[in-house]
Structure formats: structure tokens, C-alpha cells
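For the protein sequence lines, the chains are A and B, in the order given. Numbering follows my numbering, in which position 55 of the first sequence is assigned residue number 343; successive positions increment by one, without gaps. Numbering follows my numbering, in which position 232 of the second sequence is assigned residue number 236; successive positions increment by one, without gaps.
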Amino acid sequence: MKFLRQFAARIVGQSIRIFARAITAVRAEWKGIEPVPRQRVYFANHTSNADMPMIWSVLPPALRRTVRPVAAADYWLKNKLRAFVGPEVFNCVLVDRRPEVQDKPMDKIIAALDEGSSLIIFPEGNRNMTEDPLLPFKAGLYNMGVARPDVDLVPTWVANLTEIMPKGEVIPLPLICTVTFGEPIHVREGESKDDFLKRASEALLAQRPEARQ
Amino acid sequence: MTSTTADILLLAFGSFGILIALTVLGEILRARQPVHDPNPMLDTYMTRVQSWWGMVTFIGLALLLGKPGIMTLFAFASFAALREFLTLTTKTQADHLSLALAFFAVLPLQYVFVGFGWTGLYTVFIPVYAFLFLPMISALRGNPQRFLVRVAETQWALMIAVFCVSHVPALMSLDIAGYGERSVLLIAFLVMVVQLGDLLDFFFGRRIGRTKIAPGLSPKTWEGLVCGVLSAMVIGAMLSWITPFGFWGAALMAGIASLVGMFGNLVVAAIKRDRGVKDWSHLIPGQGGFVDQLDSVIFAAPIFYQLTKYFYT
């Protein structure tokens, strides 16, 4: 039974990847890093539910096997299908963001880092529905950087998803989605939380295709 | 086997012969290269050759399948080109419906019209009907911000990626006296002279090129261009047996197509420079996207079509 579930998870994973490629021709731009197995935290902008599958799809197989997206438990445990796809296909680190639950998300994240996994996180915390390119970052990224200073924090910009499927539209446009990986950053010695988060946010914005013209 | 099929096979084998020569050349150069000293130029060259293998195979198969094969191949090429183009153009959410229509209505309809050979429709559908109606749909959403830029860029994308590309398969619906069903060979002729002209322009440009045509845009040189166009004329003349043009006619048509294609390449380079991209996409390994690979064919196709129509039908 366990074997069957693993097999199904692999099939679903491949289908998601092929689907993402067919609809958006999604591709990676390795600007600041090489696609080599190294422990990293990919921190990305978040405008759509498809952000995480897009990043996951462009990672080469060896990297995809060791990457774990950090995702909201309330979203991924909502029904049986999501409870299969989230934890088993994407191998998500599920965290509960509700303040009344003593879930200690950071402990789970650090545990995942200590087992050698790379992570995908969305430091804005929520989907960005505003006109601004980024919302202010939550403290999580800083805490990870302080707790495990050797891990590379890689700014990862997912472009065009809002044009492909703006909120309120029904038909997706088959435009090309790009995922740009920038140069990794680390928390500097003595750097304050706010300074670091500002720097991280700027590093991420610098990966926008329109910022590079 | 009909004579058309035989000719297509002959052309395919000829192209495969050239590709085998290019592949062997690359492998010899690679074998001479020390392992610890990789040569990026050589790697680029080999990826390009591999992509050409794919392209020759696809176009050859499509030609052998006849009309349905050709229509499918070029409809797909249009789709890929339109996607590459519209990814880079200015747009807002107000354009969402008109862009969706461009992809899912204008493009398929254009190929239906070409497929049925309705000349009166496919030559005016995009320049007139799409040109007038798509901006109306964008206007209905009531967002005036950069309106003219948005609609103009969408129309440009449709003209290049759909209208111009569809003129390659449209060559099949030309009714040339005494040529009949062999008109499918005109496609092979156009693609071959233009692409080989480009390749030789690149080769001679590297060897003897001095004077850049548009230094801010592209490394293309006048010397390379002249040699490329002359080579295209020679190749065109050698391929005159598959055309209705005759020896000198084929040379001239090849020369014009190649010349238009080369300047079209400059136009595409200008757009890329403006948008700050190197390639349109990464669809074809080593050569960027469809627009990168086919830019010269795209620009040459409508001119080649019109000239053939005017002088030979």
C-alpha cells in the first residue's frame, strides 16, 4: 500500500510538471546560482497558488527530490486530495499559522533543514493581491538565516503568473512563465532583523525581468 | 510513390547528408579538444546541429504527410511564436479577453481559412478584422492607460506570429499552372534557401565581415549579408527543379526571400534589444525560441507568397 502511494505520488508529480510546462512553457533562469545539489532556502514572491508548483517543476530531478516547500496546513489538509498532493507529492513541510495553535512552525522548518532538505518559502506570508510587487516580509526568513547561517538563501522570482491568470478571469493565457534564481544572501553578523528583511526584499525584486532591462 | 513524395525524400536525404557532415565535423573537433579545456563555441555549435536534426525531421515528416501535417506544424509554430511575442508585450488585465481571443480564436481561424484555401479571407482577416475588433474588446474594459501601446503591440504580435507565419502553408493553396500538387515543395524551397542563406551569412560574417550594418543591434555585417544572399541565390538555382520558377527565376526568388529575411532578422534584433532579452524563449535548445530560429522565414514568407502569386499564377 505504501509502495502504491509512493508510485501514485510520482505519477501525479510528473503530471503536474508536464502540465505546468504545457500551459506556461515554464523555464528556469539560473542567474545567481547553478542547478547543483546544495542546501538552499528558495524564497519567492507569492501572487498565485501556482507559484510553488512552478518553482518545483523547474528544479532538475536531483534538486526536486531534496526540496520541501513550506506550506500552510489549513490549505493542504482541507480535503483528501490536497492531503495527498501536499505532503506526498510535493513533500511539503506543513505549518499551522493560526496563533491559537501551538504548532511552533520554526521548529519544524529547522528540523527539515537539519535533515538536509532544501526549502521553498514565501516570506510575504500570504498571497500578494495588491499592486505592489512585494508585501513586507515576515520574520521567518531572518530566523532561518540566523539559526542555520550556512544555508544559502536564494531569491527566486516567479514572473508572469498574474498575467497568465489575473484574478477574476476564467481563461488562462498561454504566456511563458519564468522562474529566476538570483545570487544567494546570508544574514550578516550583527545585522538587525529589519535591515536583513529589507535587503532580502531588494534582492528578490532585483530578479524581476523588468528590473533587469 | 508520387514524384512529389520522391522529391521530398530526396531533399530530406540531402539535408540529412549536410547534417551528417556537420555532425561529423563537430565530433572531430570535439575529439581534438582536450577534456579539461571545454570550448563553449563548440558546444553551442553542437546543440545547434542537434536542433537542426529535429527541425529537418519535423519539417520533412510534415511535408510527407501533406496538407494536414503542414497545417499542424505551422499552427503550432504560430502558437509558440505568439506566446513568445505576447510574453514580452505591454498588457494589462483589461486586455485579457482580447489576448485570449488572439490565442484561441484568431490563430485557429486563420489556419482554418488557410487550410480551406480561402484567399479572400486569410489575407485580410488579421490586418482588417482582428485589427479593428480586438482593440474594441480591450476598450470595453475602460482602462485608457497606455492604450495605443497595448493594442499596437498585440496587433504586431498577431501580424508577425500568425499572419506572416501562416503565409508559409498558404503557399500550398496557390494555383500555379502545370505545378499542381507539387506546391508543397515551395515550402521546402523557401525554408531551405532562407535558412541556408542565414547560416552562410553567419559563416562569412565571421570570416570576412568588417562593416556592421546596424552596430547597436546585431553583429550582422554587409560582407556577410552579400555573401549570404549570393549563396542563397546559388542554392535557389540548384533547387530550381522543385520550383515552377525556372533557373534564373528560382535564383532571383531565393535572393529576394533571403534579403528580406536578413533585414527581418534586424527588426527582430531591435525588438529584442528594446525588451532586454537575448532570446525569445528556450524552446529550441541552443537557438532560443521559434521567433529566433524562424525570424527570417517569417519576414520572407508573405513577400515570397505575393511575388509567386503575382508572377506565376
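For glycine and all other residues, C-beta sits at the position ideal for the given N, C-alpha and C.
The beta carbon of residue 200 of chain B sits closer than 8 Å to the beta carbons of 235, 236 and 239 from its chain, once the five residues preceding and following it are set aside; these are given in chain order.
The Cβ atoms of residue 452 of chain A and residue 331 of chain A lie no closer than 8 Å to each other. In the three-state reduction of the DSSP assignment, residue 384 of chain A falls in the coil class. Neighbourhood of residue 461 of chain A in chain B, by CB distance below 8 Å: 90, 100, 103, 104 and 107, in chain order. A distance below 8 Å between beta-carbons, with the five flanking residues on each side excluded, links residue 422 of chain A to the following residues of its chain, in chain order: 333, 412, 416, 489, 492 and 493. Separation of residue 185 of chain B and residue 91 of chain B (C-alpha to C-alpha, rounded to the nearest whole angstrom) is 38 Å. If one requires a minimum length of 4 residues, the alpha helix (DSSP H) runs lying completely within the segment 160-194 of chain B are 169-174, in chain order. Considering only beta carbons, the part of the segment 444-455 of chain A lying closer than 8 Å to chain B consists of 448, 451 and 454, in chain order. A distance below 7 Å between beta-carbons, with the five flanking residues on each side excluded, links residue 311 of chain A to the following residues of its chain, in chain order: 460 and 462. If you draw a straight line from the Cα of residue 229 of chain B to the Cα of residue 198 of chain B, it is about 12 Å long. The alpha-carbon of residue 10 of chain B is positioned some 16 Å away from that of residue 21 of chain B. In this structure, residue 297 of chain A sits near residue 376 of chain A, with a CB-CB distance shorter than 8 Å. Burial state of residue 361 of chain A is buried, judged by a 10 Å Cβ sphere holding 16 or more other Cβ atoms.
Counting along the chain, the unbroken alpha helix (DSSP H) around residue 34 of chain B starts and ends at 7-36. Non-local beta-carbon contacts of residue 304 of chain B in its own chain, meaning distances under 6 Å to residues more than five positions away in sequence, involve 198, 261, 264 and 265 in chain order. DSSP places residue 476 of chain A outside any alpha helix (DSSP H), giving it a letter other than H or E. Scanning its chain for C-beta atoms nearer than 6 Å, with the 5 sequence neighbours on each side dropped, one finds around residue 183 of chain B the residues 248, in chain order. The criterion of a C-beta distance shorter than 8 Å is satisfied by residue 232 of chain B and residue 204 of chain B. Contact with chain B is absent for residue 494 of chain A, since none of that chain's Cβ atoms lies less than 8 Å from the residue's Cβ. Against chain A, the CB of residue 95 of chain B has a partner CB under 8 Å away; the residue lies at that interface. For residue 341 of chain A against residue 304 of chain A, the beta-carbon gap comes to about 6 Å, under 8 Å, which counts as contact. Using a 10 angstroms sphere on the CB of residue 158 of chain B, the tally of other CB atoms reaches 16 or more, which defines it as buried. The DSSP-derived three-state label of residue 216 of chain B is strand. Under the Cβ distance rule, residue 471 of chain A does not count among the residues neighbouring chain B, no pair being separated by less than 8 Å. Excluding five sequence positions before and after residue 87 of chain B, none of the CB atoms of its chain fall closer than 6 Å to its own CB. By the 16-neighbour rule on beta-carbons within 10 angstroms, residue 430 of chain A is buried. The continuous stretches of alpha helix (DSSP H) do not include residue 332 of chain A, which lies in the beta strand (DSSP E) extending over residues 328-332. The segment 224-284 of chain B is shown to contain whole alpha helix (DSSP H) runs of 4 or more residues at 226-242 and 251-279, in chain order. According to DSSP, residue 440 of chain A shares a beta bridge with A:328. With contacts defined by Cβ atoms closer than 8 Å, residue 443 of chain A and residue 473 of chain A form a contacting pair. For residue 412 of chain A, there is no enclosing beta strand (DSSP E), as DSSP gives it neither H nor E.
With respect to the 8 Å criterion, residue 347 of chain A and residue 358 of chain A are not classified as neighbours on the basis of their beta carbons. Around the beta-carbon of residue 171 of chain B, 16 or more other beta-carbon atoms lie within 10 Å, marking it buried. In terms of beta-carbon proximity, residue 464 of chain A lines the interface with chain B, with at least one pair separated by less than 8 Å.
DSSP places residue 364 of chain A in no beta strand (DSSP E) but in the uninterrupted alpha helix (DSSP H) bounded by 361-364. For residue 469 of chain A, the uninterrupted beta strand (DSSP E) segment begins and ends at 466-469.
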